[in-house]
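Take 1 as the starting number for the sequence shown in full-length UniProt numbering and just add one per residue. Here a beta-carbon is modelled for each residue, glycine too, at the ideal position from N, C-alpha and C.
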Amino acid sequence: MFETALPDLNGKSILVTGGTGSFGKAFIRRILQDWKPKRLIVFSRDELKQWEMQQELSTETYPAMRYFIGDVRDAQRLEMATRDVDYIIHAAALKQVPAAEYNPFECIHTNVIGAENVVQAAIKNRVKRVVALSTDKAANPVNLYGASKLASDKIFIAANALSGGHDPIFAVVRYGNVIGSRGSVVPVFQDMVKKGAKTIPITDDRMTRFWITLDQGVAFVLSSMQIMRGGEIFVPKIPSMKVTDLANCLAPGIPHSIVGIRPGEKLHEVMITEDDSRSTVELEDRYVIEPVFTFWSRRSFAQDGAAKVAEGFRFASDINTAWLDGAALKKML
Numbered sequence: 001m002f003e004t005a006l007p008d009l010n011g012k013s014i015l016v017t018g019g020t021g022s023f024g025k026a027f028i029r030r031i032l033q034d035w036k037p038k039r040l041i042v043f044s045r046d047e048l049k050q051w052e053m054q055q056e057l058s059t060e061t062y063p064a065m066r067y068f069i070g071d072v073r074d075a076q077r078l079e080m081a082t083r084d085v086d087y088i089i090h091a092a093a094l095k096q097v098p099a100a101e102y103n104p105f106e107c108i109h110t111n112v113i114g115a116e117n118v119v120q121a122a123i124k125n126r127v128k129r130v131v132a133l134s135t136d137k138a139a140n141p142v143n144l145y146g147a148s149k150l151a152s153d154k155i156f157i158a159a160n161a162l163s164g165g166h167d168p169i170f171a172v173v174r175y176g177n178v179i180g181s182r183g184s185v186v187p188v189f190q191d192m193v194k195k196g197a198k199t200i201p202i203t204d205d206r207m208t209r210f211w212i213t214l215d216q217g218v219a220f221v222l223s224s225m226q227i228m229r230g231g232e233i234f235v236p237k238i239p240s241m242k243v244t245d246l247a248n249c250l251a252p253g254i255p256h257s258i259v260g261i262r263p264g265e266k267l268h269e270v271m272i273t274e275d276d277s278r279s280t281v282e283l284e285d286r287y288v289i290e291p292v293f294t295f296w297s298r299r300s301f302a303q304d305g306a307a308k309v310a311e312g313f314r315f316a317s318d319i320n321t322a323w324l325d326g327a328a329l330k331k332m333l
């Protein structure tokens, strides 16, 4: 899935911000498996996570690996790390919804100012391509995390104008919950079952979510990096599942307790809004929200025959046409 067009990363230098996170580690393993990069740079602020990662992916075994301590808030450090880099994958973010609500300044500094610093460093060092990871929570946001990622998305899209029609070009990928990633409800439910929980907490029995595997997310980012033209938001066609069905699959026979929606939480997630539909086209395996403002020269996907979605189209987890059942979820796991 999402493997139709992949870039040639042999001999290239790639930097991954937030490289010690769930996505970053999976992405780096995939690069080392399928290509021979010149340099593969892990950029993150946690020295313990970097040390742990080096136990598996050491520079002795994988000479391309580089471990660079740094924070996306630090523009000077980021600029130093991106020298002679071909591609940046920007995965660093503060992502926990309750933590962002309680620590708004920290969320803004990392997710918004950090995005600006990535753009500035990429332009100064003439990086070729930058792909920023977003979230379904950035569409019609109701919490600060989603709002900060919406601001980040806008920064990366507008960055194509700032680069003046030269390298780099910037694009965004937006997808839903990653099965099994750190913070996902899946390992939480699994852990509760192992510990003999008598009930499984459900915020609302109507709740639905989009789901994607970590490997699918990596493939989606790689293929989007290959086909990007600058200014797009790429959205994968992925299935939905009711949270109650998820709980029944992972914890069969255990009753649910309704605990109520947390502050900043949505009942259903949206990845393409009705307003976005006016600039959205459809490819075989994804949607592309094309930039509304064309400050720079680019050929649109619509110009090459991609079909526009109907005005008023909405890609939301409760009205999705693709749904996961228990068997499909277990296969993904």
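Query raised in the report: Where does N10 fall in DSSP's three states?
Result: coil
Query raised in the report: Just curious, the beta strand (DSSP E) that I69 is in, first and last residue?
Result: 65-69
Query raised in the report: If you drop the 5 nearest sequence neighbours on each side, which residues of the same chain put their C-beta closer than 8 Å to that of K149?
Result: A93, N111, S134, T135, K137, A138, P141
Report task. Could you say which of F295, M271, W296 lies nearest to residue 344 if we only look at CA atoms? Result -> There is no way to answer for residue 344, as the model of the chain reaches only from 1 to 333.
Report task. Counting only the same chain and skipping the five closest in sequence on each side, list residues whose C-beta sits under 7 Å from that of R278. Result -> E311
Report task. Look at the alpha carbon of V292 and the alpha carbon of L162, and state the distance between them as a whole number of angstroms. Result -> 16 Å
Report task. Rounded to whole angstroms, what's the CA-CA distance from G230 to A171? Just pull it up for me. Result -> 5 Å
Query - Cut-off 7 Å between Cβ atoms - residues of its own chain near A81, not counting five sequence neighbours on either side - result: L15, I41, F43, F68, G70
Query raised in the report: Do the segment 112-119 and the segment 49-66 touch if we need at least three Cβ pairs shorter than 8 Å?
Result: no
Query raised in the report: Which residues does DSSP pair with Y287 in a beta bridge?
Result: V235, E282
Query raised in the report: Going by DSSP, which residues form a beta bridge with A171?
Result: V131
Requested in this report: For P37, name the three-state secondary structure that DSSP assigns.
Outcome: coil
**Report entry** Classification of I200 by the beta-carbon crowding that lies within 10 angstroms, buried from 16 upward
**Finding:** buried
Query raised in the report: Which residue from F301, R262, E265 puts its Cα closest to that of residue 334?
Result: A query on residue 334 cannot be resolved here, the shown segment of the chain reaching from 1 to 333 and no further.
Query raised in the report: Just to confirm, are K242 and M192 a CB contact at a threshold of 8 Å?
Result: no
Query raised in the report: Nearest to F23 by alpha carbon, out of S257, G176, I258?
Result: G176
Report task. Using a threshold of 8 Å, state whether the C-beta atoms of H109 and T17 are closer than that. Result -> no
Query raised in the report: Which word fits T321, buried or exposed, when buried means at least 16 other C-beta atoms lie within 10 angstroms of its C-beta?
Result: exposed
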